[in-house]
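Peer 1: Just dropping this structure here.
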């Protein structure tokens with residue numbers, strides 16, 4: 058492979074990692090507040106369809122992104138409302154949200170199948186984009202690609218350097234203690250779930266308005282689940298999301314490139330590769346039970362209701 | 033006046049039964065609103081979805097056929113979920129069962145004899161168990177999260193199914209269409225209701241919830257499952273968590289595998305690319321809709337089966353998306369989760 062091919066490969070990896078990063082950053086915040094939202098896949102589907110329909114009718118892919126973010130946030134609020142306010146089981150609620158989101162996106166998108174929109178235009182960053190190699194790989198993409206990278210660092214700062222982040226982590230570790238200290242447990246969890254939903258919706262809308270600007274049912278194709286796996290892989294630390302997202306996206310993109318290069322491995326078998334990669338990564342990272350136990354937010358998945 | 037939740041001293045058994053009914057009503061109402069919002073006549077939609085399939089005997093037969101795999105998968109998941117083993121991979125285990133059960137027919141299509149069908153069904157169940165053994169092993173040996181491993185294996189199974197039906201197992205006589213050879217009579221389930229697709233498999237499937245009920249109620253394994261609701265109690269009683277993970281995954285995987293081969297050797301008649309639609313996830317809905325009670329699995333499976341037949345019907349007569357069935361399931365489960373709050377809490381009105 059020559060330099061140009063490598064650059065286009067790596068630049069494709071950075072783009073393909075974007076939906077994973079966006080969704081995983083949101084899920085990470087949600088889980089750090091103690092809420093395990095398995096509905097990422099469904100929220101992405103809802104974000105994708107609302108983003109596409111909005112962009113289709115307004116002609117603006119940016120409005121589409123906003124619509125996706127809003128729709129995702131609505132799903133996240135629904136999740137918080139059920140699990141925090143109504144103390145519903147988090148696993149069941151997340152799965153319900155996934156099925157609901159899938160169904161809703163199929164239902165709403167039914168009459169748009171095969172329709173296309175004008176994709177989100179790339180915004181080359183002046184100056185940086187002309188750096189040899191790195192410019193083309195990192196700085197010649199559409200807005201969400203930069204935002205995904207920005208959010209990873211912003212959330213790192215938020216969780217470890219801000220007071221609100223400290224509150225959020227305390228709520229996730231021990232809501233009962235946080236509550237007795239007078240910290241706003243339920244509002245924090247609501248906000249975290251809304252943020253998680255908004256990011257998943259953003260990821261979905263990125264898929265439908267920038268990555269493949271044509272409506273096809275099921276375009277999320279398991280990326281929401283990979284994002285949840287990514288959070289475990291990163292052991293709930295934002296900066297480690299980057300490596301994981303590039304790794305998983307790299308496997309997916311590499312698979313496409315090897316097909317284009319006419320590699321004689323069966324296409325269908327190759328398409329299992331990203332999922333196997335996630336599985337393998339999970340096994341490797343979870344092998345040490347102590348590492349998982351020390352890093353998992355202690356109240357993750359457990360219901361909490363202040364009995365006052 | 034504002035409503036507040038007050039914890040009940042004991043969870044309400046009555047509410048546990050009423051909540052799914054409330055949820056079904058709420059879900060129906062929401063569906064009507066959705067239909068109206070999307071510019072369809074809501075009553076027409078309601079008729080096409082819920083009443084038309086029940087208006088004819090053949091409609092009833094279709095509902096039974098659709099519910100059968102859901103009853104099997106749902107019954108297995110009830111055990112897994114009660115043991116707090118989150119097997120989200122029934123889809124993959126279902127595919128594994130369909131594939132493993134098909135091996136004999138693919139390589140010996142001319143096979144005959146009374147032993148063939150039982151062996152095929154057994155292979156299917158074993159296939160599902162083997163595929164469920166992978167996440168069990170990864171969980172016990174490597175501490176891997178069961179939710180994620182079972183889910184990733186769903187996608188792997190689907191890729192494998194595509195490979196087989198488009199590749200080595202494709203019937204050359206299919207003129208390029210994917211799909212295996214058709215199952216011969218000796219390897220097909222006998223029909224019980226002529227003129228419909230209701231076969232022996234449907235009957236078998238509806239026995240599964242009863243068996244699981246007996247297992248949970250009367251066996252030591254069932255006792256251990258029921259106790260695992262409380263982690264502390266299980267540990268105190270000295271029950272092995274590893275064994276519980278193994279047993280509940282093997283049981284739910286085996287039942288999902290059986291559901292897979294019953295579909296292939298029954299209504300579908302060959303191993304196809306699209307044998308699965310989304311039955312694995314629908315099985316999750318069934319298990320929760322049954323309130324994780326095996327006896328509730330039967331009505332729950334019938335209701336979700338009705339959704340499938342109804343949404344297929346609405347697709348033909350009203351041009352609605354087939355995704356409506358899935359949407360309905362999602363709304364139903366969300367409504368149920370909201371209604372379930374009344375099992376543990378009661379609503380009190382308090383002066384603001």
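Chains as they are written, first to last, in this note's numbering: chain A, 58 to 365; chain B, 33 to 384.
Ideal Cβ positions, reconstructed from N, Cα and C, are used throughout, including at glycine.
(1) List the residues that DSSP assigns as beta-bridge partners of residue 36(B).
(2) In terms of alpha-carbon separation, which member of 198(B), 69(B), 96(B), 111(B) lies closest to residue 247(B)?
(3) For a quick check, are the C-beta atoms of residue 364(B) and residue 68(B) less than 7 Å apart?
(4) With 16 other CB atoms within 10 Å as the buried threshold, where does residue 115(A) fall?
(5) By the 10 Å Cβ neighbour count, where 16 or more other Cβ atoms means buried, how is residue 164(A) classified, buried or exposed?
(6) Leaving out the 5 sequence neighbours to the left and right, which residues in its chain are closer than 6 Å to residue 213(B) when beta-carbon positions are compared?
(7) If you measure between the beta carbons of residue 293(B) and residue 193(B), is that distance less than 7 Å?
(8) Give the list of continuous alpha helix (DSSP H) stretches no shorter than 4 residues that lie fully inside the stretch 289-360 of chain A.
(9) Are residue 314(B) and residue 81(B) close, meaning C-beta to C-beta below 7 Å?
(10) Under 7 Å, Cβ to Cβ, is there at least one residue of chain A near residue 373(B)?
(11) For the alpha helix (DSSP H) containing residue 264(B), name the first residue and the last one.
(12) At 7 Å on the CB atoms, spell out the chain B contacts of residue 164(A), in chain order.
(13) Out of curiosity, what's the CA-to-CA distance linking residue 374(B) and residue 334(B)?
(14) Is there a Cβ of chain B sitting closer than 7 Å to that of residue 311(A), yes or no?
(15) Count the other C-beta atoms from every protein chain shown that fall within 10 angstroms of the C-beta of residue 359(A), then say buried if there are 16 or more, exposed otherwise.
(16) Kindly indicate which three-state DSSP category residue 197(A) falls into: helix, strand or coil?
(17) What residues in the stretch 132-164 of chain A bring their beta carbon closer than 8 Å to a beta carbon of chain B?
(18) Who are residue 181(A)'s beta bridge partners in DSSP?
(19) Quick one: list the residues of chain A neighbouring residue 192(B), beta-carbon separation under 9 Å, in chain order.
(20) Is residue 119(B) close to chain A? Criterion is C-beta to C-beta, closer than 7 Å.
(21) Whose CA, out of 149(A), 140(A), 143(A), lies closest to the CA of residue 119(B)?
(22) Considering only their Cβ atoms, is the gap separating residue 349(A) from residue 343(A) smaller than 7 Å?
(23) With distance defined between alpha-carbon atoms, name the residue in 58(B), 240(B), 282(B), 100(B) nearest to residue 182(B).
(24) For chain B, check one thing: does any of its Cβ atoms lie closer than 7 Å to the Cβ of residue 343(A)?
(25) Whose CA, out of 108(B), 176(B), 158(B), 109(B), lies closest to the CA of residue 336(A)?
(26) Should residue 345(A) be labelled buried (16 or more other beta-carbon atoms within 10 Å of its own) or exposed?
(27) So what does residue 271(A) bridge to, in DSSP terms?
(28) Buried or exposed: where does residue 246(A) fall if 16 or more other Cβ atoms within 10 Å of its Cβ makes it buried?
(29) So within the stretch 233-300 of chain B, which uninterrupted alpha helix (DSSP H) runs reach at least 4 residues, ignoring any that extend past its ends?
(30) Kindly indicate if chain B contains any beta-carbon less than 7 Å away from that of residue 354(A).
(31) What do you get for residue 126(A), buried or exposed, if any count of 16 or more other CB atoms within 10 angstroms of its CB means buried?
(32) Just to check my reading of the structure: residue 224(B) and residue 235(B) have Cβ atoms closer than 8 Å, yes? What is that Cβ distance to the nearest angstrom?
(33) Helix, strand or coil: how does DSSP classify residue 142(A) here?
(34) Is residue 167(A) close to chain B? Criterion is C-beta to C-beta, closer than 7 Å.
(35) How is residue 231(B) classed by DSSP in three states: helix, strand or coil?
(36) Would a check of beta-carbon distances place residue 259(B) closer than 7 Å to chain A?
Peer 2: The answer reads as follows:
(1) One-based indexing of the second chain puts residue 36(B) at position 4. 380(B).
(2) Locating residue 247(B) in the second chain gives position 215, where the first residue counts as 1. Taking only the C-alpha atoms, the option nearest residue 247(B) is 111(B).
(3) Your numbering for residue 364(B) matches position 332 in the second chain. Your numbering for residue 68(B) matches position 36 in the second chain. Against a cut-off of 7 Å, the Cβ pair of residue 68(B) and residue 364(B) comes out as no contact.
(4) Here residue 115(A) refers to the residue found at position 58 of the first chain. Counting Cβ neighbours within 10 Å, residue 115(A) comes out exposed, since fewer than 16 surround it.
(5) As a first step, residue 164(A) is located in the first chain; it is residue number 107 there, counting from the start. Buried is the call here.
(6) Sequence index remark: in the second chain, residue 213(B) carries index 181 (1-based). The answer, listed in chain order, is 141, 203.
(7) Counting from 1 along the second chain, the entry for residue 293(B) is found at position 261. Counting from 1 along the second chain, the entry for residue 193(B) is found at position 161. Not in contact: residue 293(B) and residue 193(B) (Cβ atoms no closer than 7 Å).
(8) Taking only runs of at least 4 residues, the alpha helix (DSSP H) segments lying wholly in the stretch 289-360 of chain A are 295-317, 324-327, 330-343, 346-352.
(9) Residue numbering aside, residue 314(B) sits at position 282 when the second chain is read from its first letter. Residue numbering aside, residue 81(B) sits at position 49 when the second chain is read from its first letter. No, these two residues do not count as a Cβ contact at 7 Å.
(10) Within the second chain, numbered from 1, the residue matching residue 373(B) stands at position 341. Yes, residue 373(B) counts as interfacial toward chain A.
(11) Working through the second chain from its first residue, we reach residue 264(B) at position 232. Here the alpha helix (DSSP H) through residue 264(B) covers 263-269.
(12) Numbered from 1 along the first chain, position 107 holds the residue referred to as residue 164(A). Result: 353, 355, 356, 359.
(13) Against the second chain, residue 374(B) aligns to sequence position 342. Against the second chain, residue 334(B) aligns to sequence position 302. When rounded, the separation of the alpha-carbon atoms in residue 374(B) and residue 334(B) is 24 Å.
(14) The count along the first chain starts at 1 and reaches residue 311(A) at position 254. By this cut-off, residue 311(A) is not an interface position.
(15) Here residue 359(A) is taken as the residue at index 302 of the first chain, counted from 1. Residue 359(A) sits exposed, since fewer than 16 C-beta atoms from the chains shown fall within 10 Å of its C-beta.
(16) Locating residue 197(A) in the first chain gives position 140, where the first residue counts as 1. Residue 197(A): strand per DSSP, three-state reduction.
(17) The residues in question are 135, 139, 143, 144, 145, 146, 148, 149, 150, 152, 153, 154, 155, 156, 157, 158, 159, 160, 161, 162, 163, 164.
(18) Residue numbering aside, residue 181(A) sits at position 124 when the first chain is read from its first letter. For residue 181(A), DSSP records a beta bridge to 197(A).
(19) Taking the first residue of the second chain as 1, we reach residue 192(B) at position 160. Simply 325, 326, 329.
(20) Counting from one through the second chain, the residue named residue 119(B) turns up at place 87. Not closer than 7 Å to any Cβ of chain A, the Cβ of residue 119(B) fails to qualify, so no.
(21) Reading the second chain from its first residue, position 87 is the one you call residue 119(B). When each option's Cα is compared against that of residue 119(B), the closest is 149(A).
(22) Stepping through the first chain from its first residue, residue 343(A) is reached at position 286. Stepping through the first chain from its first residue, residue 349(A) is reached at position 292. Yes.
(23) On the second chain, position 150 is the one that residue 182(B) refers to. Considering only alpha carbons, the answer is 282(B).
(24) As a working note, residue 343(A) is residue 286 in the first chain. So, interface residue.
(25) Residue 336(A) sits at position 279 when you count from the first residue of the first chain. For residue 336(A), the nearest C-alpha among the options comes from 176(B).
(26) For the purposes of this step, residue 345(A) is taken as residue 288 along the first chain, with counting starting at 1. Per the 10 Å Cβ criterion, exposed.
(27) Locating residue 271(A) in the first chain gives position 214, counting from the first residue. The partner list for residue 271(A) (beta bridge, DSSP) reads 173(A).
(28) On the first chain, residue 246(A) is found 189 positions in, with the first residue counted as 1. Buried, since its Cβ has 16 or more Cβ neighbours within 10 Å.
(29) Fully contained in the stretch 233-300 of chain B are the following alpha helix (DSSP H) runs of length 4 or more, in chain order: 252-259, 263-269, 273-295.
(30) What you label residue 354(A) is simply residue 297 of the first chain in a count that begins at 1. For residue 354(A), the answer is no, since every Cβ of chain B falls outside 7 Å of its Cβ.
(31) Mapped onto the first chain, residue 126(A) falls at position 69. Counting the other CB atoms within 10 Å of its CB gives residue 126(A) a total of 16 or more, which places it among the buried residues.
(32) Walking along the second chain from the start, residue 224(B) turns up at place 192. Walking along the second chain from the start, residue 235(B) turns up at place 203. The C-beta separation of residue 224(B) from residue 235(B) comes to about 6 Å, placing the pair in contact by the 8 Å criterion.
(33) Residue mapping note: residue 142(A) aligns to position 85 of the first chain, counting from 1. In the structure shown, residue 142(A) falls within a helical segment according to DSSP collapsed to helix, strand and coil.
(34) The residue you call residue 167(A) lines up with position 110 of the first chain. Yes, its Cβ sits closer than 7 Å to a Cβ of chain B.
(35) Here residue 231(B) refers to the residue found at position 199 when the second chain is read from its first residue. Of the three classes helix, strand and coil, the one that applies to residue 231(B) here is strand, per DSSP.
(36) Position 227 of the second chain, counting from 1, holds the residue named residue 259(B). It does not: the Cβ of residue 259(B) has no partner Cβ on chain A nearer than 7 Å.
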